[in-house]
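Enquirer:
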Amino acid sequence: MIAGALSLPAAMYLLVPPRGRKESEWIETGEVSHLPLRTPEEVFFRRNRVDGWKVTSEKVTAWVVRMSEQDVVAYVPQCTHLGCAYHWDARTGNFLCPCHSSAFSIEGQVLAGPAPRPLDRYQAKVAGRKLLIGPIAGAKS
Amino acid sequence: MIRRAVAWLDNRTGVEKAVKNFLYEEIPASSGWRNVLGSVAVFCFLVQAFTGILLSFNYAPTPGEAYNSLKYIVTEVTGGRLIRGLHHWGASMMIVVVVLHMAQVFLWGAYKKPREATWIAGIVLLLITLGFGLTGYLLPWDNRAYWGTVVATRIAANSPGIGPYLSRLLGGDGAIGVVTFARFFALHVLILPPLTLLLIGVHVYLVRKHGVAPAAGDTAPKKKFHPEQVFRDTIAIFVAFAALFMLAALIDVPLGRLADPTDTSFVPRPDWYFLWLFQMLKFFEGPFEVIGSHILPGLAVLALVATPFIDRGAMRRVTERTVAGGVLLLAFIGLAGLTAAAIRSTAKTQDSAFETDGPQDWQQLSPEELAGIGHYRRENCVSCHATGGGGARIGPELTGTATRKSAAWMIAHFKSPQRMVPGSSMPPIQLTDSQLNTLAAFLLKLNPRNAKALYSAPQLAVEGAMVYQQYGCAVCHQANGAGMKIGPPLNGLSQRRSREWIEEHFANPQKLSPASVMPAYKLTPRESDRLTSYLLALP
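Taken in order, these protein sequences are the chains called A and B.
The first sequence begins at 282 in the numbering used here and counts up by one.
The second sequence begins at 231 in the numbering used here and counts up by one.
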């Protein structure tokens, strides 16, 4: 009984995610009109991340593709296989991951390699002429 | 199948035999409830080790982070408050149990030949337990912890002869900072726990070697540890744990304000088990202080060590040990008296600025609103108006103002009360427009729920916010969502910069951040101190 009374809170203490401040802010990253059509651009911005008891402001990148005038997609810059940073290969017109040769189309679909799912995306929207990037789409927060 | 597995395990490790040896140890027929305290003490230690390890999973042992990480544990981590409660109350319980264990052994004369070494190992364990309390006290890094430890290290520094070396060893050379903190932490988690384990090992080995001390005149055949005594131990441990769990679950352990070396209003008081020592220091002044801080406690330990060598008579019944009983009674009365005197003579410091529910209401006010509290106090509004239970009732109650009046109305009213409320006996407030703005901003924020908390905002921070307003910091900086973003936001500054850095930065920003466009500010030392205190209090 004592073991239970101690280990149950202990398990919760370690396993249940802390209730906390969720940052779900939209960050303005620039004019949409500066983005070329259907050519991925690496966009840098700063965002606050809650890390335990700290809120750190960190630099984040996204691969942003302007699909059409008002439709912009922002990919999370890590390969969905093991998290390597992939890059845009203009020659083949694909995203290539250097670690295990995964390849993704400009729509984020897996073309080759061990990647288990399409590229993750940030929520992105266009407000007026500005591009706003939000939290990762489908993430719990 | 299971039997075969057990047989295999026993064959390879001898574990079954070891357990049997342990359970079927012979103990005197006179053993009983009084003998359970040792087991309970070991149990307390195990609980402390377990909860301590859990805490360390989420705790950052540096002065810059300790407080915030602990606040995170008690406010955000699931079950964190309970775990910390168990560790906090467990410490007190361990001291109670260890002292009771000693008192029992003393009363029954169980320290007598051949058990002197067991007794002495027990004394060392008591001292280690107190050492845990002393070093652990600093680790929350709140005001209580800081000031309590200042006193403790000063006492160490005043030790005759070895004082300066001891002080250097504790890192308390001059001031308490990162070094002292690191050393207290190292003592608390790296040195004392293995030492305790070692000494528990020695202590228990000696108990087994000489056997549990029988009561006088116990000639009955010995019995086994299992099952009767095991049952008693289990019950005692269970009762102790239930009490501890209730304490941890029901009573919140306060986390005070962040340690503030400039807070001159704080009256340090040690944890309850050191209060008698704290009180004793008050009887000795100047060069005699060392009598209270070192000589008397030293003599007390020496007396404990000497006990088995002084009292060498044959075992007697506990009811006949009147001298021992008298000594014990006197010691308890003395300690209790000193403790009570200490509690009576030092008012409990109001240091619950941060409850365990995260940042306080006042911390979330904008600088303007907080500065309004300052003007509210300075203009002595409270002499006519009630806000949340405090204040007189000559003028209207102000906690509901926000729902009835606008800021523009209020400011017009501050300037000439009779024009807005004919017949009002309120005198006009002689402040600049921007100062009246802060007052209105504060009153708009006030509601019956937060009134008390807002009005109890520490004066240091309030004055800091007034300085913040006076110099127009909000023109470039953002704090709690108010102000511009030309300069860096000021929330969380306490995690990024030290007090010294901030104060120096006011005087000469470019020296510390060369690319800064911030102009230099010639603040008076008081302004600089208040402003820095305020900035460091921003969540």
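All residues carry an ideal CB built from backbone N, CA and C; glycine is no exception.
Comparing the C-beta of residue 293(A) with each C-beta of chain B, is any distance below 8 Å?
Expert: Yes, residue 293(A) lies at the interface with chain B (some Cβ there is under 8 Å from its Cβ).
Enquirer: May I have the straight-line CA-CA distance separating residue 238(B) from residue 333(A), to the nearest angstrom?
Expert: Between residue 238(B) and residue 333(A), the C-alpha separation is close to 46 Å.
Enquirer: Is there a C-beta anywhere in chain B that falls below 8 Å from the one on residue 276(A)?
Expert: Lying outside 282 to 422, the shown extent of chain A, residue 276(A) is not represented and no answer is given.
Enquirer: Going along the region 242-272 of chain B in order, which residues come within less than 8 Å of chain A, judged by CB to CB distance?
Expert: Flagged: no residues at all.
Enquirer: Based on Cα-Cα distance, which residue from 277(B), 567(B), 663(B) and 449(B) lies nearest to residue 261(B)?
Expert: Checking every option, the nearest Cα to that of residue 261(B) belongs to 449(B).
Enquirer: Name the chain A residues that come within less than 7 Å of residue 310(B), Cβ to Cβ?
Expert: Correct list: 294.
Enquirer: For residue 374(A), tell me which candidate among 284(A), 385(A) and 402(A) has the shortest Cα-Cα distance.
Expert: Of the candidates 284(A), 385(A) and 402(A), the one whose C-alpha sits nearest the C-alpha of residue 374(A) is 385(A).
Enquirer: Determine whether the Cβ of residue 283(A) lies closer than 8 Å to any Cβ atom of chain B.
Expert: Chain B contact via Cβ: present.
Enquirer: Measuring only from the beta carbon, is residue 646(B) closer than 7 Å to any heavy atom that is part of the ligand ZN?
Expert: The ligand ZN is not among the ligands present in this structure, which contains no ligands whatsoever.
Enquirer: In terms of residues, what are the limits of the alpha helix (DSSP H) holding residue 416(A)?
Expert: No alpha helix (DSSP H) holds residue 416(A); the beta strand (DSSP E) holding it covers 411-417.
Enquirer: So what's residue 329(A) in DSSP terms, helix, strand or just coil?
Expert: Strand, per DSSP.
Enquirer: Quick one: does residue 311(A) have its CB under 8 Å from some CB of chain B?
Expert: With 8 Å as the cut-off, residue 311(A) does not count as an interface residue toward chain B.
Enquirer: Determine, using beta-carbon pairs with one atom in the region 478-487 of chain B and one in the region 310-319 of chain B, whether at least three such pairs fall under 8 Å.
Expert: Yes, the region 478-487 of chain B is in contact with the region 310-319 of chain B.
Enquirer: Indicate the three-state DSSP secondary structure (helix, strand or coil) for residue 311(A) in the structure shown.
Expert: The answer is strand: DSSP assigns residue 311(A) an E or B state.
Enquirer: Is there a C-beta anywhere in chain A that falls below 8 Å from the one on residue 702(B)?
Expert: Cβ-Cβ to chain A under 8 Å: no for residue 702(B).
Enquirer: Within the same chain, show all residues whose beta-carbon is closer than 6 Å to that of residue 665(B), passing over the 5 residues directly before and after it, in chain order.
Expert: Excluding residues within five positions, the ones whose Cβ falls inside 6 Å are 605.
Enquirer: Can you name the residues of chain A whose CB is closer than 9 Å to the CB of residue 302(B)?
Expert: Those are 299, 301, 333, 334 and 335, listed as they occur along chain A.
Enquirer: Count the other CB atoms, across all protein chains shown, that sit within 10 Å of the CB of residue 371(A); report buried if there are 16 or more and exposed otherwise.
Expert: With fewer than 16 other Cβ atoms within 10 Å, it is exposed.
Enquirer: Take residue 766(B) and list the residues in its own chain whose beta-carbon comes closer than 6 Å to its own, dropping the five residues that flank it on each side.
Expert: Only 724 meet the Cβ criterion.
Enquirer: So residue 380(B) packs on residue 498(B), CB below 8 Å; how close in whole Å?
Expert: Correct: roughly 7 Å between the Cβ atoms.
Enquirer: Considering Cα atoms alone, identify which of 640(B), 567(B), 549(B) and 385(B) is closest to residue 445(B).
Expert: Closest by alpha carbon: 549(B).
Enquirer: How is the alpha helix (DSSP H) around residue 398(B) delimited, first residue to last?
Expert: Segment 393-399, the alpha helix (DSSP H) holding residue 398(B).
Enquirer: On the CB-based measure, 16 or more other CB atoms within 10 Å of its CB, does residue 673(B) come out buried or exposed?
Expert: It is buried - the Cβ of residue 673(B) has at least 16 other Cβ atoms within 10 Å.
Enquirer: Could you check whether the region 312-329 of chain A touches the region 344-351 of chain A, counting it as contact only if at least three pairs of C-beta atoms, one from each stretch, sit closer than 8 Å?
Expert: Judged by Cβ distances under 8 Å, the region 312-329 of chain A makes contact with the region 344-351 of chain A, as three or more pairs qualify.
Enquirer: Taking DSSP's pairing of strands, which residues face residue 322(A) in a bridge?
Expert: Answer is 345(A), bridged to residue 322(A).
Enquirer: Can you list the beta strand (DSSP E) stretches of 3 or more residues lying completely in the region 467-505 of chain B, in chain order?
Expert: Runs of the beta strand (DSSP E) inside the region 467-505 of chain B: none found.
Enquirer: By Cβ distance, which residues of its chain are closer than 7 Å to residue 511(B), with the 5 residues on each side in sequence left out?
Expert: If we look at residue 511(B) and ignore the five residues flanking it on each side, its Cβ neighbours are 519, 522 and 523.
Enquirer: So the beta strand (DSSP E) residue 362(A) belongs to, where does it begin and stop?
Expert: First-last for residue 362(A): undefined, no H or E at that position.
Enquirer: Out of 251(B), 506(B) and 330(B), point me to the one whose CA is closest to residue 263(B)'s CA.
Expert: Minimum Cα distance to residue 263(B) is reached at 330(B).
Enquirer: If I measure Cβ to Cβ from residue 292(B) and keep anything under 7 Å in the same chain, skipping five residues before and after, which residues do I get?
Expert: Correct list, in chain order: 408 and 411.
Enquirer: According to the Cβ coordinates, are residue 378(B) and residue 500(B) closer than 8 Å?
Expert: Yes. Within cutoff.
Enquirer: Using a Cβ-Cβ cut-off of 8 Å (strictly less than) and excluding sequence neighbours within five positions of residue 749(B), which residues of its own chain qualify?
Expert: The residues are 739.
Enquirer: Consider the Cβ of residue 307(B): report whether some Cβ of chain A lies at a distance smaller than 8 Å.
Expert: Answer yes: the Cβ-Cβ gap between residue 307(B) and chain A drops below 8 Å somewhere.
Enquirer: Between residue 456(B) and residue 254(B), how many whole angstroms is the CB-CB distance? I'm expecting something under 8 Å.
Expert: About 6 Å separates the two Cβ atoms, so the contact holds.
Enquirer: Find out if the Cβ-Cβ distance for the pair residue 566(B), residue 509(B) is shorter than 8 Å.
Expert: Cβ distance not < 8 Å, so residue 566(B) and residue 509(B) don't count as in contact.
Enquirer: Near residue 337(A), what residues of its chain come up, given a Cβ to Cβ distance below 6 Å and the 5 sequence neighbours on each side ignored?
Expert: Excluding positions up to five away in sequence, the list reads 330.
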